[in-house]
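S.K.: Protein sequences appear in the order of chains F and V. Mapping to this note's numbering: the first sequence position 172 is 172, numbers consecutive. Mapping to this note's numbering: the second sequence position 274 is 610, numbers consecutive.
2 protein chains.
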Amino acid sequence: MSEEKESKQIVTVIGGGSWATAIVKILSEQPVKIQWWLRHKEDVQYVKKYSHNPKYLRDVQLNLRKVKACNNINEALEGSQFVVFAVPAAFVRPILKEILPENLKNRIVVSAIKGIMPDENQLITDVVEKEFNVNPKNICLIAGPCHAEEVAMEKQSYLTIGCNDLKMGEKFASLLNCRYVKTSVTDDIYGIEYSAIMKNIVAIASGIAHGLGYGDNFQAVLISNALQEIERFIQTAFPLNRNINKSAYAGDLLVTAYSQFSRNRTFGNMIGRGYSVKSAQVEMNMIAEGYYAVKSLHEINKKYKVELPICKAVYHVLYEKISPAVEIQILRDIMR
Amino acid sequence: MSEEKESKQIVTVIGGGSWATAIVKILSEQPVKIQWWLRHKEDVQYVKKYSHNPKYLRDVQLNLRKVKACNNINEALEGSQFVVFAVPAAFVRPILKEILPENLKNRIVVSAIKGIMPDENQLITDVVEKEFNVNPKNICLIAGPCHAEEVAMEKQSYLTIGCNDLKMGEKFASLLNCRYVKTSVTDDIYGIEYSAIMKNIVAIASGIAHGLGYGDNFQAVLISNALQEIERFIQTAFPLNRNINKSAYAGDLLVTAYSQFSRNRTFGNMIGRGYSVKSAQVEMNMIAEGYYAVKSLHEINKKYKVELPICKAVYHVLYEKISPAVEIQILRDIMR
Numbered sequence: 001m002s003e004e005k006e007s008k009q010i011v012t013v014i015g016g017g018s019w020a021t022a023i024v025k026i027l028s029e030q031p032v033k034i035q036w037w038l039r040h041k042e043d044v045q046y047v048k049k050y051s052h053n054p055k056y057l058r059d060v061q062l063n064l065r066k067v068k069a070c071n072n073i074n075e076a077l078e079g080s081q082f083v084v085f086a087v088p089a090a091f092v093r094p095i096l097k098e099i100l101p102e103n104l105k106n107r108i109v110v111s112a113i114k115g116i117m118p119d120e121n122q123l124i125t126d127v128v129e130k131e132f133n134v135n136p137k138n139i140c141l142i143a144g145p146c147h148a149e150e151v152a153m154e155k156q157s158y159l160t161i162g163c164n165d166l167k168m169g170e171k172f173a174s175l176l177n178c179r180y181v182k183t184s185v186t187d188d189i190y191g192i193e194y195s196a197i198m199k200n201i202v203a204i205a206s207g208i209a210h211g212l213g214y215g216d217n218f219q220a221v222l223i224s225n226a227l228q229e230i231e232r233f234i235q236t237a238f239p240l241n242r243n244i245n246k247s248a249y250a251g252d253l254l255v256t257a258y259s260q261f262s263r264n265r266t267f268g269n270m271i272g273r274g275y276s277v278k279s280a281q282v283e284m285n286m287i288a289e290g291y292y293a294v295k296s297l298h299e300i301n302k303k304y305k306v307e308l309p310i311c312k313a314v315y316h317v318l319y320e321k322i323s324p325a326v327e328i329q330i331l332r333d334i335m336r
Numbered sequence: 337m338s339e340e341k342e343s344k345q346i347v348t349v350i351g352g353g354s355w356a357t358a359i360v361k362i363l364s365e366q367p368v369k370i371q372w373w374l375r376h377k378e379d380v381q382y383v384k385k386y387s388h389n390p391k392y393l394r395d396v397q398l399n400l401r402k403v404k405a406c407n408n409i410n411e412a413l414e415g416s417q418f419v420v421f422a423v424p425a426a427f428v429r430p431i432l433k434e435i436l437p438e439n440l441k442n443r444i445v446v447s448a449i450k451g452i453m454p455d456e457n458q459l460i461t462d463v464v465e466k467e468f469n470v471n472p473k474n475i476c477l478i479a480g481p482c483h484a485e486e487v488a489m490e491k492q493s494y495l496t497i498g499c500n501d502l503k504m505g506e507k508f509a510s511l512l513n514c515r516y517v518k519t520s521v522t523d524d525i526y527g528i529e530y531s532a533i534m535k536n537i538v539a540i541a542s543g544i545a546h547g548l549g550y551g552d553n554f555q556a557v558l559i560s561n562a563l564q565e566i567e568r569f570i571q572t573a574f575p576l577n578r579n580i581n582k583s584a585y586a587g588d589l590l591v592t593a594y595s596q597f598s599r600n601r602t603f604g605n606m607i608g609r610g611y612s613v614k615s616a617q618v619e620m621n622m623i624a625e626g627y628y629a630v631k632s633l634h635e636i637n638k639k640y641k642v643e644l645p646i647c648k649a650v651y652h653v654l655y656e657k658i659s660p661a662v663e664i665q666i667l668r669d670i671m672r
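(1) Using a Cβ-based criterion (distance less than 8 Å to any ligand heavy atom), does alanine 22(F) qualify as near the ligand MG?
(2) Using a Cβ-Cβ distance cut-off of 9 Å, determine whether proline 145(F) contacts chain V.
(3) I believe alanine 148(F) touches serine 247(F) by the beta-carbon criterion, under 8 Å. Please report the beta-carbon distance rounded to the nearest angstrom.
(4) Contact check, phenylalanine 85(F) vs valine 11(F) under 8 Å by CB: the rounded distance?
(5) Could you check whether the Cβ of lysine 450(V) sits closer than 9 Å to any Cβ belonging to chain F?
(6) Which stretch, first to last residue, makes up the beta strand (DSSP E) that contains alanine 69(F)?
(7) For glutamine 564(V), would you say it is in contact with chain F, using Cβ-to-Cβ distances shorter than 9 Å as the test?
(8) Where glutamate 3(F) and proline 481(V) are concerned, what is the direct C-alpha to C-alpha distance, given to the nearest angstrom?
(9) Have a look at Glu170(F), Gln235(F), Ala152(F), Gly213(F) and flag the residue whose alpha-carbon is nearest the alpha-carbon of isoleucine 343(F).
(10) Inspect the beta-carbon positions of cysteine 499(V) and isoleucine 460(V) and report whether they are closer than 9 Å.
(11) When you compare the segment 32 to 52 of chain F with the segment 176 to 184 of chain F, are there three or more beta-carbon pairs, one atom per stretch, that lie closer than 8 Å?
(12) Note down the Cα distance separating leucine 166(F) from isoleucine 113(F), rounded to an integer number of angstroms.
(13) So, for serine 80(F): in the same chain, excluding its five sequence neighbours on each side, which residues have a beta-carbon less than 7 Å away from its beta-carbon?
(14) DSSP puts isoleucine 495(V) in a beta bridge; with which residues?
(15) Is valine 408(V) near lysine 441(V), with beta carbons less than 9 Å apart?
(16) Looking only at C-alpha atoms, which of Ala205(F), Lys25(F), Ala196(F), Leu212(F) sits nearest to asparagine 225(F)?
(17) Within 10 angstroms of the Cβ of glutamine 260(F), are there 16 or more other Cβ atoms? Answer buried if so, exposed if not.
(18) Could you tell me if leucine 633(V) is buried or exposed, where buried requires 16 or more neighbouring beta carbons within 10 angstroms of its beta carbon?
(19) Provide the residue(s) that pair with methionine 117(F) in DSSP beta bridges, ordered along the chain.
(20) So arginine 336(F) contacts chain V; which residues on that side make the cut at Cβ distance below 7 Å?
(21) Under 8 Å Cβ-Cβ, which residues of chain V neighbour isoleucine 223(F)?
(22) I need the DSSP call for alanine 479(V), collapsed to helix, strand or coil.
(23) At the level of alpha carbons, what is the spacing between valine 642(V) and isoleucine 636(V)?
(24) Are there 16 or more other CB atoms within 10 angstroms of the CB of histidine 40(F), so buried, or fewer, so exposed?
(25) Is DSSP giving glutamine 371(V) helix, strand or coil here?
(26) Just to confirm my understanding: we take valine 464(V), look at its own chain, exclude 5 residues before and 5 after, and list those with CB closer than 6 Å. What are they?
(27) Whose C-beta lies closer than 6 Å to the C-beta of glutamate 6(F) among residues of the same chain, with five residues either side of it excluded?
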């Protein structure tokens with residue numbers, strides 16, 4: 001009876017990438033219905049026919065009794081209580097344009113995006129809140145450390161749900177709790193969001209250093225300095241009594257900066273090895289969120305004026321064509 | 337003239353392992369004389385003949401105009417201003433027994449050892465201070481993050497020198513500063529010492545988890561929790577306004593827990609894959625300091641009663657024969 005009642009819960013997941021696919025998989029462990037929006041009709045048909053995403057995490061077997069794929073966004077939003085955005089930040093604006101305002105009304109809107117809207121320098125959660133009149137209490141954020149690829153393999157992972165309203169956060173968190181995912185909840189939504197954004201930039205720096213031949217000793221010092229840099233920024237921008245070494249902050253940074261799966265680190269590595277920004281992007285065929293994030297953060301930090309030497313180095317390399325070797329050398333000399 | 341004056345400085349380095357060899361290499365960049373003690377006569381003869389350590393960091397070419405190897409410890413101590421101990425903690429006691437008390441008098445004693453004297457539960461620095469009447473102001477500690485193997489390759493590395501007397505710390509630090517090593521100085525000698533000791537234990541836990549098949553997501557959460565665990569312990573035992581994310585603490589933990597060179601991690605990995613403690617030790621033919629450290633810390637913590645779930649798990653696996661899978665599962669369930 002209780003299961004039947006719960007099973008009426010409907011979650012919309014927006015996005016066809018690896019993180020969206022992982023979230024669909026995690027949610028499928030619960031007695032919920034998932035309305036999954038993918039942009040391309042062919043992908044929707046493929047999912048319906050083969051129970052797999054044709055492009056990302058192709059090994060993941062989807063449970064079609066629970067998952068309904070479609071490529072009409074307003075159809076995907078019909079009757080749902082939760083809406084999870086899991087697309088690259090750069091794709092949010094065009095998607096929002098397609099959504100009828102009433103279709104986000106009274107929904108709990110969850111951002112699984114770690115990025116800033118390019119050229120707008122706004123967080124996705126802020127845009128949704130303002131433009132769709134969503135109550136800030138109804139906005140949640142999913143923070144790592146969690147590589148989608150390991151979720152696919154059902155390796156033990158941890159997620160932190162940020163929400164101004166802790167009860168609401170717990171409500172959504174309970175949908176993600178399963179045999180291989182443990183969740184916790186925080187109301188430091190800005191702190192975990194900016195930390196998640198900055199860690200992508202740090203991962204690029206980490207990749208650049210690796211590509212230039214720097215070793216593990218250097219990497220460890222870089223990450224120590226990055227933890228201090230992230231703390232410095234979020235404590236200035238959003239002062240709060242927080243422990244930066246909790247897994248939503250430090251763990252998320254570590255998994256991204258040290259992992260083979262990190263596309264930001266891979267992107268940085270190619271830059272360090274001498275690829276141009278453009279050719280690294282073409283070669284990867286994936287979007288490294290940090291590439292956009294560093295530009296936005298550079299703008300946002302004009303207000304706060306926090307010392308961010310690592311982010312500055314990445315900004316210089318990606319946007320001002322300064323040599324990676326020169327920028328890492330500057331970092332090398334100021335770090336301790 | 338100034339070089340000639342400086343060149344009268346004599347540093348004794350005690351130990352023939354990879355870290356001792358790396359320190360001899362770093363010191364050789366300065367205008368000093370190094371009197372290097374190695375236990376075995378054959379090794380001394382090999383060094384003199386071939387300018388290489390026959391057993392560790394064999395690629396490192398030693399500058400024999402500066403380095404004088406010998407296997408008589410009191411001869412190695414003759415006329416030196418600095419004495420660097422770089423042997424496994426378990427070997428300190430027998431070495432100290434051979435040293436004539438006057439030979440440590442008025443010396444600056446530097447510990448490059450990250451461990452606790454087995455069965456005594458004392459730090460090496462404390463033993464030297466008490467038993468040889470060395471002024472605490474004349475005791476320094478070298479803290480990582482620094483793999484000897486990367487020093488051998490002249491990869492950019494960072495060292496932190498701990499000393500109650502910052503001026504004295506800087507004096508020794510200046511001998512380690514060179515083209516590929518940057519140093520900083522702290523008076524938090526206990527903090528960096530215990531942090532360095534605990535990171536070896538964490539690296540064992542990290543290796544065990546890896547050996548059991550846990551992935552990067554889990555590892556990142558483990559290390560985040562470890563940072564909090566180390567901070568909890570040193571803040572309780574030695575309260576101070578310190579930033580645990582500085583490289584002497586966090587960086588040292590990262591390089592050890594994430595690096596392929598870490599013998600503690602390798603040891604843990606073998607345990608996780610099913611080796612017995614004894615067979616892992618025999619197979620590795622190297623001492624994983626964390627093995628002894630966890631036992632001492634377990635004793636020391638009886639006084640402080642700090643919650644140390646990661647250290648407890650490693651203690652249980654190594655000393656109470658509890659299955660690694662069970663202990664990591666307990667950690668898995670309490671971590672967030």
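Even for Gly, the Cβ is constructed at its ideal location relative to N, Cα and C.
M.R.: Taking the geometry as given:
(1) In terms of ligand content, the structure shown is empty, and the ligand MG therefore cannot be addressed.
(2) yes
(3) Actually they are not in contact, since the Cβ atoms of alanine 148(F) and serine 247(F) sit about 17 Å apart, beyond 8 Å.
(4) With a Cβ gap of about 12 Å, phenylalanine 85(F) and valine 11(F) do not count as contacting.
(5) no
(6) 67 to 70
(7) yes
(8) In this prediction, glutamate 3(F) has a pLDDT of 47, which is less than 50 and means its spatial position is unreliable; nothing more can be read from the coordinates.
(9) Chain F is shown only over 1 to 336; residue 343(F) falls outside these bounds and no answer can be derived.
(10) no
(11) no
(12) 20 Å
(13) Ile10, Val11, Thr12, Gln35, Arg107
(14) Note that residue 495(V) is leucine in the sequence shown, not isoleucine. Bridge partners of leucine 495(V): Thr519(V).
(15) What sits at residue 408(V) in the sequence shown is asparagine, not valine. No. Outside cutoff.
(16) Ala205(F)
(17) exposed
(18) buried
(19) Gln122(F)
(20) Tyr494, Lys518, Ser520, Ser583
(21) Ala586, Gly587, Leu590
(22) strand
(23) 10 Å
(24) exposed
(25) strand
(26) Val445, Val470
(27) Annotation note: pLDDT 47 at glutamate 6(F) (below 50); position unreliable, no value reported.
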